[in-house]
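Shown next, in structure tokens, is the structure this report addresses.
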Amino acid sequence: MTDAAVAKAQAAHAGLEAPRTIVVIGGGQAAGWVVKTLRREGFDGRLVMIADEVHLPYERPPLSKAVLAGEADIETVRLVKPDDFDALNVEAWQPDSATAIDRAQRIVRTQSGREVQYDRLVIATGGAARRLPDSLVQTSHIAYLRTLDEAVALGERLRASKRVLVVGGGWIGLEVAATARKLGVEATVVEGAPRLCARSLPPLVSRFLLDLHRANGVDVRLKASLTKLEDHPNDANRIRATFADGSTLDADFAVAGIGLTPHTALAEAAGVKVDDGVVVDHFGATDDPRIFACGDVANHPSAWLKRRVRLESWANAQNQAISVAKALLGNFEPYADIPWFWSDQYDVNLQILGDIPADAQLAVRGDLAGKRATLFHLEDDAIRGVIAINTPRELKLSRKWMNQGRTIDLATLTDASTALA
Ligand SMILES: Cc1cc2nc3c(=O)[nH]c(=O)nc-3n(C[C@H](O)[C@H](O)[C@H](O)COP(=O)(O)OP(=O)(O)OC[C@H]3O[C@@H](n4cnc5c(N)ncnc54)[C@H](O)[C@@H]3O)c2cc1C
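Per UniProt numbering: the sequence shown = residues 1 to 421.
Next up, the structure:
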């Protein structure tokens, strides 16, 4: 990120007056961090947050873990305690849904008929769990997981079930399966691809997850092409799944974790550039200098990956939002974090940092089969990406080295008998 880019962003916003009213659409983690940061940075103007869920901003990672298991609730996952939120003096219009952005008049309209004029607008609308096609689903016994209310309902249903069918072998599907097993529920995961988490993991780690789930009693079926999901012919309270090879599988109900559809319709209808998410620059600004976007809905240029990316991760939702809040107030600090994501399944904490191409040659430190290993992707002796399996300390150190651009000797890195320092 160059000084020239900062200067360019400043120039694009130079003609604008300082904001008196900032409107944030969305009420998730990114929206929560925008309003928190704006007040922390001294913004004392009008702040309106339009959010379609009933809850104040909360964090989603526990939804597929502790909340699903019945071990956590809204109080545990809140981003801001209600009293602290009150102190932020935010007009929270919720539950209400923003239905239109009129860029000419700078007005946002909502479903309930309200409208507000903005000086700056933030689109932090996240996304929705992608739905299986209607042509395939002929039962009501199908659940999706994106919101707290969905997680609570799904948890109750899981605890009352004997067998669940999980459609999709990605992060959400695997975490749901792991929680189901923890609750003593039989779980089958069906995945169309030949391996698990194929979009974000190299084959070696997909294999690790496959072994992990099978060892925990999950029936994982790869290259499984689901053709029909319907009520069980003899019991309308259960389901039957049919696959392309003619085989069938019965379960109490199904959960689908097949990805996310970003909520871009509002931006698109308003003529803001959208291409796999709302297109923003290093500061979260769209092609309209008054409109910004952040979190799961934003497609930004990643300095680390050297390409545009739309990230779906806790760290991105928080830190991109902080950068956007500062830019709204004219303080242009580029968002240049190294992408970071984690997942918890059974006794495994798996973290991914940086760039791990599917065909990366990984240097392995530790013992993958023993569930304690760090895998490095190196380029010119510098770490480009890390996968840490129960090795959070090594991930932390790697992050430091990656930020410093430090080069490392491969033999040192892979010698697990010597601590990394
Ligand atoms: C079950 C689950 C588990 C996860 N686990 C992990 C994990 O272990 N590690 C990790 O790094 N990340 C994890 N994530 C990802 C992380 O939680 C997300 O990246 C993060 O929540 C994104 O925040 P956001 O604010 O951008 O979007 P969201 O959290 O989706 O918030 C957007 C909000 O805006 C609302 N909205 C949308 N359109 C409108 C509108 N027109 N008007 C009003 N409101 C609107 C939406 O309903 C939603 O409430 C997980 C996500 C889920 C769902």
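By construction, the Cβ of each residue, glycine as well, lies at the ideal position given by its N, Cα and C atoms.
From which residue to which residue does the alpha helix (DSSP H) around residue i run?
{"i": "Gln-29", "result": "29 to 40"}
{"i": "Ile-408", "result": "That residue, Ile-408, is in no alpha helix (DSSP H); it is neither H nor E in DSSP."}
{"i": "Leu-145", "result": "Looking at the DSSP string, Leu-145 is not in any alpha helix (DSSP H), and its letter there is neither H nor E."}
{"i": "Val-324", "result": "314 to 328"}
{"i": "Glu-268", "result": "265 to 269"}
{"i": "Ala-160", "result": "It is not in any alpha helix (DSSP H) - Ala-160 carries neither H nor E in the DSSP assignment."}
{"i": "Lys-8", "result": "3 to 14"}
{"i": "Arg-307", "result": "Where Arg-307 is concerned, there is no enclosing alpha helix (DSSP H), although the beta strand (DSSP E) it sits in stretches over 307 to 309."}
What residue does the beta strand (DSSP E) around residue i start on, and which one ends it?
{"i": "Phe-341", "result": "340 to 345"}
{"i": "Glu-175", "result": "Here Glu-175 belongs to no beta strand (DSSP E); instead the alpha helix (DSSP H) covers 171 to 182."}
{"i": "Thr-374", "result": "372 to 379"}
{"i": "Phe-243", "result": "235 to 243"}
{"i": "Glu-115", "result": "115 to 117"}
{"i": "His-300", "result": "298 to 302"}
{"i": "Thr-21", "result": "21 to 25"}
{"i": "Val-386", "result": "382 to 389"}
{"i": "Thr-248", "result": "248 to 251"}
Looking only at its own chain, which residues have a Cβ that is under 7 Å from the Cβ of residue i, when we skip the five neighbours before and after it?
{"i": "Leu-420", "result": "Glu-394, Leu-397"}
{"i": "Gly-45", "result": "Pro-19, Arg-20, Thr-21, Ile-22"}
{"i": "Thr-248", "result": "Arg-240, Ala-241, Thr-242"}
{"i": "Pro-57", "result": "Gly-27, Gly-28, Gln-29, Ala-31, Gly-32, Leu-79, Val-80"}
{"i": "Ala-198", "result": "Ser-206"}
{"i": "Phe-85", "result": "Leu-56"}
{"i": "Glu-186", "result": "Lys-162, Arg-163"}
{"i": "Leu-209", "result": "Leu-174, Leu-196, Cys-197"}
{"i": "Ile-172", "result": "Ser-64, Leu-145, Gly-257"}
{"i": "residue 428", "result": "No answer is possible for residue 428: the residues shown for the chain start at 1 and end at 421."}
{"i": "Ala-177", "result": "Val-166, Ala-187, Val-189, His-213, Val-218"}
{"i": "Ser-225", "result": "Gly-192, Phe-243, Ala-244"}
Please work out which residues of its chain come closer than 8 Å, Cβ to Cβ, to residue i, disregarding the five sequence neighbours upstream and downstream, and give them in chain order.
{"i": "Arg-106", "result": "Gln-117, Tyr-118, Asp-119, Leu-121, Arg-290"}
{"i": "Leu-212", "result": "Gln-345, Tyr-346, Val-348, Lys-371"}
With a threshold of 6 Å on Cβ separation, who are the neighbours of residue i within its own chain once the five nearest residues in sequence on each side are excluded?
{"i": "Glu-91", "result": "Val-48"}
{"i": "Ala-325", "result": "Val-34, Thr-37, Leu-38"}
{"i": "Leu-132", "result": "Ala-256"}
{"i": "Thr-407", "result": "Asp-381, Ala-382"}
{"i": "Trp-93", "result": "Ile-50"}
{"i": "Thr-179", "result": "Leu-68, Ala-69"}
{"i": "Leu-311", "result": "Pro-339"}
On a CA-only basis, which of the options is nearest residue i? Give me that one, please.
{"i": "Val-24", "options": "Leu-16, Glu-17, Val-34, Gly-15", "result": "Val-34"}
{"i": "Ile-101", "options": "Glu-333, Pro-95, Trp-93, Glu-115", "result": "Glu-115"}
{"i": "Leu-145", "options": "Leu-174, Ala-265, Leu-136", "result": "Leu-174"}
{"i": "Ile-356", "options": "Asp-288, Arg-181, Leu-183, Ala-388", "result": "Ala-388"}
{"i": "residue 423", "options": "Thr-76, Arg-109, Arg-131", "result": "A query on residue 423 cannot be resolved here, the shown segment of the chain reaching from 1 to 421 and no further."}
{"i": "Gly-168", "options": "Ile-142, Leu-266, Gln-404", "result": "Ile-142"}
{"i": "Val-137", "options": "Trp-171, Ala-373, Asp-231", "result": "Asp-231"}
{"i": "Val-279", "options": "His-263, His-300, Gly-271", "result": "His-300"}
{"i": "Asn-234", "options": "Ala-244, Thr-264, Asn-331, Asp-252", "result": "Asp-252"}
{"i": "Leu-88", "options": "Gly-42, Asp-73, Thr-76, Asp-96", "result": "Gly-42"}
{"i": "Ser-302", "options": "Phe-292, Asp-288, Gln-320, Asp-287", "result": "Gln-320"}
For residue i, is the beta carbon positioned less than 6 Å from some heavy atom of ligand 2?
{"i": "Ala-69", "result": "For the structure depicted, ligand 2 is absent and the ligand set comprises only ligand 1."}
- Between the segment 151 to 162 and the segment 53 to 72, do three or more beta carbon pairs fall short of 8 Å? Three or more Cβ pairs closer than 8 Å define a contact, and the segment 151 to 162 meets that threshold against the segment 53 to 72.
- Message: Counting beta carbon pairs with one atom in the segment 184 to 199 and one in the segment 141 to 151, are three or more of them shorter than 8 Å?
- Response: Taking a contact to require three or more Cβ pairs closer than 8 Å, the segment 141 to 151 and the segment 184 to 199 do not qualify as touching.
- Query: Counting pairs of Cβ atoms below 8 Å between the segment 409 to 419 and the segment 356 to 368, do you hit three or more?
  - Reply: Taking a cut-off of 8 Å on C-beta distances, the segment 409 to 419 touches the segment 356 to 368, as three or more cross pairs fall below it.
- Query: Can you find at least 3 beta carbon pairs, one from the segment 3 to 10 and one from the segment 264 to 283, that sit closer than 8 Å?
  - Reply: Yes, since at least three Cβ pairs between the segment 3 to 10 and the segment 264 to 283 fall closer than 8 Å, the two stretches touch.
- Query: What runs of the beta strand (DSSP E), each 3 residues or longer, lie entirely inside the segment 86 to 118?
  - Reply: Within the segment 86 to 118, the runs of beta strand (DSSP E) that reach at least 3 residues and sit entirely inside it are, in chain order, 91 to 93, 98 to 102, 107 to 110, 115 to 117.
- Do the segment 334 to 344 and the segment 310 to 319 touch if we need at least three Cβ pairs shorter than 8 Å? Note that the segment 334 to 344 touches the segment 310 to 319; at least 3 beta-carbon pairs, one per stretch, sit closer than 8 Å.
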